[in-house]
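Taken in sequence, the protein lines are chains A and B.
So the working numbering is basically just the index in the first sequence, starting at one, shifted up by 4.
So that you can map any letter, position 79 of the second sequence is 74 in the working numbering, and since no number is skipped, the others follow by simple counting.
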Amino acid sequence: MLKKIALEKFGDLVAALMEKGPLYAPVKSEKAVDFREIKNPGDATLDFYNTAMSPKFMFFPQSEDIIRYKLGKDATEAEPVKIDAKPSVILGVRPCDAKSFEIMDRHFLGAGVIDPYWKDKRDKTTVIGYAFDPSARPDPADFYNTLGIGACDTAGSDIFMIRADKRLLLKGITEKGDRLLKDLTVLEDGSNADEKVFDDVSKKGGEAKTRFMKIDDKEIAGKLVQVFGSKEFWEKATAACISCGACTFVCPTCYCFDIADETLFKEGVRKRFWDACMFTDFTLEASGHNPRPRTFQRYRQKVCHKYSYHVDKYGCISCVGCGRCTRSCPVNIDIFSVVESVMKQ
Amino acid sequence: MTAMKTIEENLKKEARRLLESGEVAVVIAYGRGFDENHPMPCAITKAEETEGLVFNEYCTFNLARYLPKYPPKTRIAVALKAADSRAVVQLIQEEKVRREDLVLLGIPVTGMKDQKTGETIDNRTTCNMANPVLFDVLLGDEIHGFKGGSPYDVLEKLESMSEDERWAFWEKEFEKCIRCFACRKACPMCYCDPCFMDASRPRWADKSPTPDGHLMYHLTRFYHLAGRCVDCGECSRACPVDIPLYLFHKKVAKECEAMFKQSAGMRIEDKPAMVNYGNQDSDEMLR
């Protein structure tokens, strides 16, 4: 199903989506653009390259309450927090980020244990993908194309949106997407000419190049196993790393979390929240032993997890080439360059 | 001012000389990142690696940050801009590094650029000094007559706010925090191991990103850097969510200077303001 709306009526589309439930869309702040819950239709923007933070927070918020408890004299009363998200829409997800949802699904849904927190939100959220402009130059940090993701790929989106001339074309990709499209009366039906424009732009999206080297999943996974033991290689590649968690927190496919009980006087919450393999205490054991005390070991873990272990376990690289880690790194470490030099080893 | 390209040539030459003669075991400087505009700090140990060194307007990182991790008696040469040299002076005062282990390659420079925004870095976010305060070798000509304005001009707006407004301002800024700790990891003066935020017994702040925990973290860090922050601006440039941390650091530094008549990292002979006591010290806070 293809629908369309004039670009100047984008505000009307936003308003209509807000009626369906909480709507998350890119919002411009002083220096960056990020997904926020929309309170006024005018806040949402389509003029951005990509958001600073990834949209993974929709299904995997930075912090999530699991159990609430009260400490009594003799017993502790504990109540699991009800898993019941509101049906929501997230609008303006770039193709590489939409793809990240599918990759995360393999871990949260397909690993033999279903994560109910992820599943609930994932089931109830409609993802409206938004194509990169295939004729614009991609950010130099990006390499989604190298990983086989096109600038107009629809994978991971329920509805896919393309901006062409002075209109937005919205195509239903999944049943969930079609249902929402049908409900949006502000939209007009797309003509045959619109279909052609949609297809033409989509085709162009496959041609837009980010960085050039092709990376084969199996090949890099094997290569990393070989290079793993080379302390010299990893120390050199990560000499600049300051061991902060910026790269993992902005990453759309980093899913590690920690669980802690946070008690204030007699009441408390058990929470799960993002953790980062780049932190010194990530692997610190109760005995005091730390199997990864050095920076190069932690960075190596990050690369190997994404490009080797994930390939073995889930059959794909856990990276979508969105370039956020490189852009946000205080010392300009570029994971793609590290992977590239692994390939040359 | 000496052209950046010339500084780069001088840096390569000097690094080569130091490594070839065995005067130092390692040179900490800038190397090429994934493209021209994204240089990356590097530590080289061989003379032939000096060809890969770069210096351009995006070489903003404060390399003093890497010094404390080397064991004492490691001979290190390090490239330093003005604020970076202040950090080294401060580290020497705090006995984290030893003057005799270091060869300081001073870089007199102004007009560095923020890679994220492309804007020129000036007195709004840094101390904005042009010449290193301590060096063994200068890689360019000393800059004379540079007037960049006071590093505290930018505080005007914050200082004119009421207490409530200021509180609201910081609450809103801290709300953005994702607790990635890039600020503390990029900071040359944040070398505590473990940081109080990583301690688990007792745990000083929520480990999950709660607003209370954000306050605990940032306010403690701000105060821990009182009289020690050299205003290099690295914490704010490192922040992926653009919290203007420099504002608080500048405010604390300004108060410290007024109270103790001493700026952080200016002279090796000084003692850090907060660990030194003098009869003439300000007692204003006690009144």
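Ideal Cβ positions, reconstructed from N, Cα and C, are used throughout, including at glycine.
DSSP-derived helix/strand/coil call for residue i
i: B:G260; result: coil
i: A:I224; result: helix
i: A:E41; result: strand
i: A:G15; result: helix
i: B:P36; result: strand
i: A:I166; result: strand
i: A:T257; result: coil
i: A:I9; result: strand
i: A:E179; result: helix
i: A:G116; result: coil
i: A:D47; result: helix
i: A:R72; result: strand
i: A:A82; result: strand
i: B:Y147; result: coil
i: A:P59; result: helix
i: B:G26; result: strand
i: A:R304; result: helix
i: A:K208; result: helix
i: A:G276; result: As written in the sequence, residue 276 of chain A is Arg, which differs from the Gly given in the question. DSSP places A:R276 in strand when its eight states are reduced to three.
i: A:K200; result: helix
i: A:L27; result: strand
i: B:A253; result: helix
i: B:R94; result: helix
i: A:A264; result: strand
i: A:T252; result: helix
i: B:E31; result: coil
i: B:K111; result: coil
Inter-residue CB distance, residue i and residue j (contact presumed, cutoff 8 Å)
i: A:K90; j: A:G25; result: 5 Å
i: A:D88; j: A:K275; result: About 17 Å separates the two Cβ atoms, so there is no contact after all.
i: A:G194; j: A:L173; result: 6 Å
i: B:I23; j: B:P36; result: 7 Å
i: A:C245; j: A:T299; result: 5 Å
i: A:W238; j: A:R304; result: 5 Å
i: B:T121; j: B:A78; result: 6 Å
i: B:I2; j: B:V21; result: With a Cβ gap of about 20 Å, B:I2 and B:V21 do not count as contacting.
i: B:K180; j: B:I238; result: Actually they are not in contact, since the Cβ atoms of B:K180 and B:I238 sit about 15 Å apart, beyond 8 Å.
i: A:C260; j: A:D279; result: 5 Å
i: B:F50; j: A:S341; result: The pair is not a contact, with the Cβ atoms about 20 Å apart (cut-off 8 Å).
i: B:W199; j: B:M211; result: 6 Å
i: B:P63; j: B:Y186; result: 5 Å
Chain-order list of residues whose beta-carbon lies under 7 Å from that of residue i (same chain, five-residue window excluded)
i: B:R232; result: T55 and D109
i: B:G47; result: G26 and R27
i: B:F217; result: F243, H244 and V247
i: B:K249; result: Y147 and L150
i: A:A10; result: K170 and R171
i: A:V131; result: I94, V97, A102, F105, G160, S161 and D162
Neighbourhood of residue i by C-beta, 8 Å cutoff - its chain only, sequence neighbours within 5 removed
i: B:V98; result: L13, E18, V19, R70, I71, A72, V73, D131 and V132
Contact set for residue i: own chain, Cβ-Cβ below 6 Å, skip 5 residues either direction
i: A:G84; result: Going by the sequence as given, residue 84 of chain A is Pro instead of Gly. If we look at A:P84 and ignore the five residues flanking it on each side, its Cβ neighbours are I71.
i: A:A36; result: A56
i: A:D38; result: T55, A56 and M57
i: A:Y73; result: T80, A82 and G272
i: A:K218; result: none
i: A:F112; result: D119 and W122
i: B:D201; result: G208
i: B:N123; result: D117, G143 and P146
i: A:L27; result: L21, I42 and V93
Checklist entry - Just checking, does the region 244 to 263 of chain A make contact with the region 9 to 16 of chain B on the three C-beta pairs under 8 Å criterion? => result no
Item to check | Stretch pair the region 18 to 30 of chain A + the region 86 to 95 of chain A: three plus CB contacts closer than 8 Å | outcome: yes
Checklist entry - Any chance the region 64 to 80 of chain B sits against the region 319 to 335 of chain A, with 3 or more Cβ pairs inside 8 Å? => result no
Next on the checklist: Contact between the region 182 to 197 of chain A and the region 148 to 161 of chain A is defined here as three or more beta-carbon pairs at a separation below 8 Å; is this criterion met?
Outcome noted: no
Checklist entry - Taking contact to mean at least 3 C-beta pairs separated by less than 8 Å, is the region 240 to 255 of chain B in contact with the region 213 to 222 of chain B? => result yes
Item to check | Near-chain B residues of the region 168 to 187 of chain A - C-beta to any C-beta below 9 Å | outcome: none
Item to check | Positions along the region 88 to 119 of chain A whose CB lies within less than 8 Å of some CB in chain B | outcome: none
Next on the checklist: Whether or not the region 191 to 202 of chain B and the region 140 to 150 of chain B are in contact is what I'm after, with contact meaning three or more pairs of Cβ atoms, one per stretch, closer than 8 Å; do they touch?
Outcome noted: no
Checklist entry - Between the region 312 to 329 of chain A and the region 100 to 110 of chain A, do at least 3 Cβ pairs fall closer than 8 Å? => result yes
Next on the checklist: Counting only Cβ-Cβ distances shorter than 7 Å, please list the residues of the region 26 to 57 of chain B near chain A, keeping chain order.
Outcome noted: G28, F29, D30, H33, P34, M35, P36, C37, A38 and F56
Checklist entry - At a Cβ cut of 8 Å, what residues of the region 329 to 341 of chain A count as close to chain B, listed as they run along the chain? => result T330, R331, S332, P334, V335, N336, I337, D338, F340 and S341
Next on the checklist: Under 9 Å, CB to CB, which of the residues in the region 154 to 179 of chain B have a partner in chain A?
Outcome noted: K171, I173, R174, C175, F176, A177, C178 and R179
Next on the checklist: Count Cβ pairs between the region 133 to 143 of chain B and the region 261 to 269 of chain B that sit closer than 8 Å; are there 3 or more?
Outcome noted: no
Checklist entry - Would you call the region 312 to 319 of chain A and the region 219 to 237 of chain A touching, i.e. three or more CB-CB distances under 8 Å? => result yes
Next on the checklist: Counting only Cβ-Cβ distances shorter than 7 Å, please list the residues of the region 195 to 219 of chain B near chain A, keeping chain order.
Outcome noted: D201, K202, S203 and P204
Next on the checklist: Along the region 224 to 257 of chain A, where does the CB come closer than 7 Å to a CB of chain B? Name the residues.
Outcome noted: Near chain B, meaning a CB-to-CB distance below 7 Å, the residues of the region 224 to 257 of chain A are A243, A244, I246, S247, C248, G249, A250, F253 and V254.
Next on the checklist: Tell me which residues of the region 232 to 259 of chain B have at least one Cβ-Cβ distance to chain A shorter than 8 Å, keeping chain order.
Outcome noted: R232, A233, P235, V236 and D237
Checklist entry - In chain order, what residues of the region 65 to 88 of chain B put their CB closer than 7 Å to some CB of chain A? => result none
Next on the checklist: Any C-beta of chain B within less than 8 Å: which residues of the region 65 to 81 of chain A qualify?
Outcome noted: Those residues of the region 65 to 81 of chain A that come within reach of chain B (Cβ to Cβ, closer than 8 Å) are Q66 and S67.
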